[in-house]
Amino acid sequence: MRPLTEAEVRERIARGEVNVSETRTSRSFGAILYTNVFTRVNLIYATLLVLVLSTGYFLDGMFGLLIIVNSAVGMVQEIRAKRTLDRLALLNHAPIRVERADGVHEVRSEDVVLDDIVVIAAGDQIPVDGTLIDATALEIDESLLTGEADPVLPEPGNAVLSGSFVVAGSGRILATAVGPDSYAERLAAEASTFKKPSSQLRAGIDKILKYITWILVPVGLATIWNQLAGGQEWRDALRGLVAALVPMVPEGLVLMTSVAMAVGVIRLGRRNCLVQDLPAIEQLARVDVFCTDKTGTLTEDGMRVSRIEVADSTDRSPDDPDVFAVLATIGHAEGKLTGSMAAVLEHVRSQQPLATTRLIAFSSARKWAAVQLEAPRAGGISWVFGAPDVILPADCELHARAESLSTEGHRVLALASSAQPVAESGLPEALVPVALVVLDQRLRADVPDAIRYFRDQQVELKVISGDNAAAVGAISEQAGIPDGRVAVDARSLDPEAPEFAREIAAHTAFGRVTPTQKRAMVHALQGDDRIVGMTGDGVNDVFALKDADVGVAMGSGSPAARAVSRIVLLDNSFATLPHVVAEGRRVIGNIERVATLFLTKTFYSALLAFLVVVTAIPYPFLPRHVTLIGVFTIGIPAFFLALAPNTARAQDGFVRRVLGQAVPGGLGAAFAAYGAYLAARSVFGVEEATRVMNSSTALLALIAVAFFVLIAVARPFAWWKVALVAAMMGCVLAVLVTPLGRTVFDIDLRDWRAVALALGFGAGGILLRTLAGLLLRGRWRRRLSDVRRPAT
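Numbering (the UniProt record's numbering), first residue to last: 1 to 792.
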């Protein structure tokens, strides 16, 4: 198979036969424009704007500016987030090795062309469909594509699929399908037509919007019928209809959610954290148990061989050339080197590899690698290198020494020889212990602080590692993980056993965990109604990362691990995780705040419209009045509150909690406005000359309750929140007392009786809101306690 020349590569690029992906890390600019302009809320507002402009009262169309503001703010923030995501995604792309006529090159995935020879090794995700040219102990996992858990052992000439990843060994493939023609791209294109990342927050908001949509039409029809039946001229009737419906639409709720998440992406991007789907920020904030790998996650990437200890039963020295030569042979045979094997090969770099007849590459499931030499060396034709407690007899001296070193936090690997041939079915017989390779692994400096944060936030931590259980326990203790010192050897656990889930729940640290066991542990925790986060960096973590509620990969990890994770820490900083959690809590907590503001307005508007229809009186407000209230008591404050810090732990029940605040607030506001309106009509009369005075009285009463709701939502107080509320009050006061403000918004409060009535009913509305809130929260609290109380 002849590698391509540079001219042949250029020809294929010109024909478009390149591995350019049609799937994007973020939405296109056109999609951002479309989804921010053509929204359900904008459509409703545009329809109402046309209706009110047809009356000739153009000032009543001021709410139409919200269409422009909503769209502009949403687009600006999403475009900023898109640029952040695209920049970070470039950093996340792993280079691909291709063999061409002038040698082996590292290129970007999109620079691979049809008929390229792609070199693959353990940890690589295969970028193209191809035919296997040759292989050395190659094992490929296609579970992400086919669902088949067992690794595939392809032979030369077999087809391999893009999107699968190399578990062990190395090889070369001829690219036969690239870009949109590859299997993984076709699968992704099909999935993208229906798959949408789950988000409890968005689901809750969608549910609320659905309820609102159901009541808009009947309320609108009833309102316009009431206005016309009451003898109002059609223009005034339309203005009343628009004034009733505009505040019922929570115009900024969806916008604030998108903005809050987009700002979260930007903030985390500054910390080199790539969020591969927005709801991952929200989901991580809900995590109550965090599973983490040890090597490369809690510990630093680089390892160093501290020393080699030989068995007392041999007459070898720690720098024995036979030992060095065998280690060099195993290391060179592995192909792509990472972690401990790279450190071993660096230690014996002066030795040349020996000729071999067979190689079994290291895999996380086996925990060992083996070579069979052409000629025996030091009495052994077969040599095995791997976990001491897997390849060494339990009663030998090196086994006990390895356990002792592991309890000190060292990573220990063993070397053994045999006169018998190697086979993939199991270890050679009559293995003779030869040496231990002791590696130093250092705890990441930022890990203890991050662990302390999770502990303070009542997030349970579990360490699940393929390393020796004693070493896992030692590192867990150094990291400050509660009860981490005593680690469970996962070889004693059966995922099919009924007590498996209980064992996982009862212990904190686990060693000698296979990839399938990691996945089973995640499933066991999820089966106990836990929200599971998982961090890892290796091929052995891929299953667990994919199935966890939130998978978080290290930037230096394998391409396969990064591909399946929803969040990637590009600078490998474990300390970034608390910031991701905090960002998610900020989003969830603050959206609850602003949702309360918007839905309070929706509820009092619907209730007020109902009361007006039932009592057959004109609607009290003009569209410009609801614009005034919406901008200064909801819109502007909501924008700042949505971006504020918020460390409250995320909980389920978003809709219930929001309605628990919005319903009492809406009830109090509707009572204040309707009561003040009726009282004003009684005091000042119902003639056209007193219409403005009556409406202004109701407006001031409503403003009083609206500001009380804003103050309640803004708690706990900070200086900037006090300043924000004060500024909003100042703006409204300026409108109420200045001639220009009164003229523009059609307000008349010159009679002291109007002010007194408004403040009186405003105080009554505040009292009603407080009492209703206490009653409703108490009722729900009792219902929750009844649900949680065990049956007797």
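All residues carry an ideal CB built from backbone N, CA and C; glycine is no exception.
Predicted model only: the values in this text are computed from it and were never measured.
Taken in chain order, the complete beta strand (DSSP E) segments of 3 residues or longer contained in the region 351-398 are 356-360, 368-377 and 380-386.
Secondary structure at Val725: helix, using DSSP grouped into helix, strand and coil. By the neighbour-count definition (other C-beta atoms within 10 Å, threshold 16), Trp383 is a buried residue.
Taking a contact to require three or more Cβ pairs closer than 8 Å, the region 425-440 and the region 282-291 do not qualify as touching. The DSSP assignment places 397-407 and 447-456 as complete runs of the alpha helix (DSSP H) inside the region 391-470, in order along the chain (cut-off: 4 residues). With respect to Ile96, Leu298 sits apart: the two C-beta atoms are not nearer than 8 Å. For Asp134, the pairing in a beta bridge is given by DSSP as Arg172. By DSSP's assignment, Thr535 forms a beta bridge with Thr292 and Val552. Of the candidates Ala670, Val722 and Pro739, Ala670 places its Cα closest to the Cα of Ala706. Counting only runs of 4+ residues, the alpha helix (DSSP H) found wholly inside the region 663-724 occupies 691-714, in chain order. Each residue's CA atom was taken as its position, placing Phe165 and Ala135 some 14 Å apart. Between Ala471 and Val488, the C-beta spacing is not below 8 Å. The Cβ neighbour count for Ile68, taken over all protein chains shown within 10 Å, is under 16; the residue is labelled exposed. If you ignore the 5 residues before and after Thr535, its C-beta comes within less than 6 Å of the C-beta of Thr292, Thr297 and Val552, all in its own chain and listed in chain order.
Val594 is the residue among His579, Ala734, Val594 and Ala712 whose C-alpha sits nearest the C-alpha of Ser258. Within its own chain, the residues whose Cβ lies closer than 6 Å to the Cβ of Pro620, once the five positions on either side in sequence are excluded, are Tyr677, Ser695 and Ala698, listed in chain order. The residue among Asp483, Tyr604, Ile205 and Ala734 with its C-alpha nearest the C-alpha of Met248 is Tyr604. Looking at the backbone, the Cα of Pro623 and that of Gly264 are separated by about 34 Å. Using a C-beta cut-off of 8 Å, the region 525-544 makes no contact with the region 228-237, since fewer than three inter-stretch Cβ pairs fall below that distance.
Cβ contact annotation for Glu78 (same chain, cutoff 6 Å, sequence separation greater than five): Ile32 and Ala262, in chain order. The beta carbons of Ala177 and Val128 sit closer together than 8 Å. In the DSSP assignment, Glu583 falls outside any beta strand (DSSP E) and lies within the alpha helix (DSSP H) extending over Thr576 to Thr615. Secondary structure at Thr35: helix, using DSSP grouped into helix, strand and coil. Leu201 is positioned such that its CB atom lies no closer than 8 Å to that of His579.
For Gln651, the three-state secondary structure derived from DSSP is coil. A Cβ-Cβ contact shorter than 8 Å links Phe745 with Leu628.
Taking the Cα positions, Gly480 is about 15 Å away from Gln457. Around the Cβ of Glu429, a 10 Å sphere holds fewer than 16 other Cβ atoms; the residue is exposed. Cβ neighbours of Leu415 within its own chain (closer than 6 Å, five residues either side excluded): Phe385, Val434 and Ala435. Membership of Asp746 in any beta strand (DSSP E) is not indicated, and neither H nor E is assigned to it by DSSP. Straight through space, the alpha carbons of Leu776 and Ala582 are spaced by roughly 30 Å. Thr770 sits in a helix when the DSSP states are folded into three classes.
A Cβ-Cβ contact shorter than 8 Å links Ala672 with Gly764. Under DSSP, Cys731 forms no beta bridge with any residue. The DSSP-derived three-state label of Gln276 is coil. For Arg10, no beta strand (DSSP E) encloses it; the enclosing alpha helix (DSSP H) starts and ends at Glu6 to Ala14.
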